[in-house]
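Asks: Here it is, the structure in full.
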Amino acid sequence: MTKKYVFLAFWLSVAAFAQDGPFGGEYEFNPDHVECLSPAKRDEIKAQLATSRQVLVAQGKLPAQNLGAHVMFDWPVVKNPTANYNNVWSISNYVDHNAAFPNQVQDWNCGSRTYDTSGGYNHQGVDIFTWPFTWYQMANNQSWAVAAASGVILYKSNGNPDTSCAMGGGNWNAVYVAHSDGTTTWYGHLKNNSLTTKAVGEFVAAGEFLGVIGSSGNSTGPHLHFEVYDTADALVDTYSGTCNNWNGGDSWWNQQKPYIEPKVNAAFTHSAAPIFPNCPQIETPNFKNEFLVGQNVVCAGYFADQNIGAQATISLYRPNGTLAYTSFAITSELYYASWWFWTFNPSTLNQTGIWTVTFSLGGSSLSHQFAYGTTLATNDLQKNAAISFYPNPANDQITFSKTVDEVEAISVDGKSIPLTIQGESAQISHLPCGVYILRGKSENKDFRLKLVKS
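Quick note on the numbering used here: the sequence shown kicks off at 17 and runs consecutively.
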């Protein structure tokens, strides 16, 4: 995995305050296009799976195949519930539908979010890489592979090194699940000794833990390689799209995710800029949430799918709810993963108390709170709800990602305006046009988010 620092000169600030930034840029996964499995290794795995299937059938541990509609999948990656991220992944590669090679690729959406190699390998699955702090996530078991659908564990491979950075990484750690329709799902590159304790032949439910995402086998960094075969052992592209040459109108997802899905994966404050060393060294995040008066504060946002034409925004709010700083950019390139940080000095941080920094990308927003000249209670960070809403900007109504207990809109002059909640939605038609902080509670946790009322 490599990192690029591409400085965006077109970040525009509403007003000039004492700060340095933005700095950061693109974080690029697998730029050298290392194939996840060699043809020989894939054939070996298929032989192992066939043998295991015969044994399990003989033991009565595999149910009779349902020859009706094929199985439907949920997303195979989740975060550890204790991880303080909004989201822990992005996608680097889909299945390659162009059989020609090299450098002749086409994914299900007629794009080039896939790869091939000069040796004739066309990518045969979905690569879901962890972001941000990919090695830190792996070391702390923060990103998990889970069963995309209910099934029976067909085979497990464990005991292999999990800090690969290139080809020649040996065997991967993986779990293989057989489903009721005869479909088989592969979950590869897992962390050594992190696999589910369930044995081959045992049932797993959809969403059940299979292993921690790692970098075993041929890999350039922690990611999940998700590969699917149907009952005839033919490779499946699980996405419905114009250029899916196999099942273009048939999605295998319960809820197919957009091809480009802008997300704010995380928002943090740091004592200094995070350090991203070479593979496979663990990053130094320099997380910090309590600062003394006179100290600088580094505020950083970590994005996935920073799309061309999308507006990215940082807003910094004082303890009294007023706006201290804001800056935005219209993105000129597509970054599957990116990060941007600002260093604010004491002349900007001119109030003591709990500050809020909010990062927005497209319709995704995420806030993070930090203490300046005061302290946070030990559980304050846990009380800061991981919640988002859409659309943003909005005119009449917004919908939150989870149930909201209470919420109010704080204008830039500090005026509080209550909002009416209906389930996960809130009415905002009565708000004058402008920028607001949404301050509220969800699941007994506080949150602050930026809203642009259009």
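Note that the Cβ used here is the ideal one computed from N, Cα and C, for glycine as well.
Predicted model, so just to flag it, every value in this text is computed and none were measured.
Measuring alpha carbon to alpha carbon, tell me which of A289, K431, A387, W355 ends up nearest Y43.
Replies: Of the candidates A289, K431, A387, W355, W355 places its Cα closest to the Cα of Y43.
Asks: Tell me whether the beta-carbon of V168 lies closer than 8 angstroms to the beta-carbon of E218.
Replies: yes
Asks: Contact criterion: CB-CB distance below 8 angstroms. Does C295 meet it with respect to chain D?
Replies: Here there is only one protein chain, and chain D is not present.
Asks: Could you check the C-alpha separation between T18 and P434 for me, to the nearest Å?
Replies: Note on T18: pLDDT 42, under 50, position unreliable in the model; no value is reported.
Asks: Excluding the five sequence neighbours on either side, which residues of its own chain have a C-beta within less than 6 angstroms of the C-beta of T150, listed in chain order?
Replies: Excluding the 5 residues flanking it on each side, T150 has same chain C-beta neighbours closer than 6 angstroms at G237, P238, in chain order.
Asks: Could you tell me whether the region 314-326 touches the region 372-382, using the rule of 3 or more Cβ pairs below 8 angstroms?
Replies: yes
Asks: So does N460 have its beta carbon nearer than 7 angstroms to some heavy atom of the ligand GTP?
Replies: For the structure depicted, the ligand GTP is absent and the ligand set is empty, with no information on it obtainable.
Asks: Roughly how far, in whole angstroms, is the beta-carbon of S383 from the beta-carbon of L465, given that I think they are within contact range, below 8 angstroms?
Replies: 5 angstroms
Asks: Evaluate the contact criterion for the region 242-262 versus the region 293-308: three or more CB pairs, one atom per stretch, below 8 angstroms.
Replies: no
Asks: Locate the alpha helix (DSSP H) running through Y275, then write down its first and last residues.
Replies: Looking at the DSSP string, Y275 is not in any alpha helix (DSSP H), and its letter there is neither H nor E.
Asks: Might you give, ordered along the chain, the residues of its own chain that have their beta carbon closer than 7 angstroms to the beta carbon of S106, omitting 5 neighbours on each side?
Replies: F145, W147, A320, D321, Y352, A353
Asks: Considering only their Cβ atoms, is the gap separating V313 from T285 smaller than 8 angstroms?
Replies: yes
Asks: How is L211 classed by DSSP in three states: helix, strand or coil?
Replies: coil
Asks: D59 lies in the alpha helix (DSSP H); which residues open and close that run?
Replies: For D59, the enclosing alpha helix (DSSP H) covers residues 55-74.
Asks: Should D253 be labelled buried (16 or more other beta-carbon atoms within 10 Å of its own) or exposed?
Replies: Per the 10 Å Cβ criterion, buried.
Asks: What do you reckon, are the CB atoms on F416 and S381 nearer than 8 angstroms?
Replies: no
Asks: What does a CB cutoff of less than 6 angstroms around D36 pick up in its chain, not counting 5 residues either side in sequence?
Replies: If we look at D36 and ignore the five residues flanking it on each side, its Cβ neighbours are T359.
Asks: Report the option in S287, I346, G264 whose CA atom is closest to the CA atom of H113.
Replies: G264
Asks: For P301, tell me which candidate among A289, Q311, F307 has the shortest Cα-Cα distance.
Replies: A289
Asks: Could you compute how far the alpha carbon of D421 sits from the alpha carbon of V71?
Replies: 52 angstroms
Asks: Using three-state DSSP, classify Q322 as helix, strand or coil.
Replies: strand
Asks: Give the single residue among A283, Q75, Q311, S54 whose Cα lies nearest to the Cα of T364.
Replies: Nearest option by C-alpha distance: Q311.
Asks: Which term fits G136, buried or exposed, when burial requires 16 or more other beta carbons within 10 angstroms of its beta carbon?
Replies: exposed
Asks: Count the other CB atoms, across all protein chains shown, that sit within 10 Å of the CB of Q271; report buried if there are 16 or more and exposed otherwise.
Replies: exposed
Asks: Shortest alpha-carbon distance to D249 belongs to which of V142, A194, V94, T329?
Replies: A194
Asks: I'd like to check one pair, L226 with G161: are the Cβ atoms closer than 8 angstroms?
Replies: Note that residue 161 is Ala in the sequence shown, not Gly. It is a contact, given that the beta carbons lie within the stated cut-off.
Asks: Pull up the distance between the alpha-carbon of V30 and that of F344, whole angstroms please.
Replies: Because the pLDDT of V30 is 49, which lies under 50, any placement of that residue in the model is unreliable, and the number read from its coordinates should be weighed accordingly. The alpha-carbon atoms of V30 and F344 are separated by roughly 9 angstroms.
Asks: Would you kindly work out how many angstroms separate the C-alpha atoms of L83 and T347, rounded to a whole number?
Replies: 47 angstroms
Asks: So, does the region 171-184 touch the region 114-122, judging by three or more C-beta pairs under 8 angstroms?
Replies: no
Asks: Of all the alpha helix (DSSP H) runs that stay within the bounds of the region 205-267, which reach a length of 4 or more residues?
Replies: none
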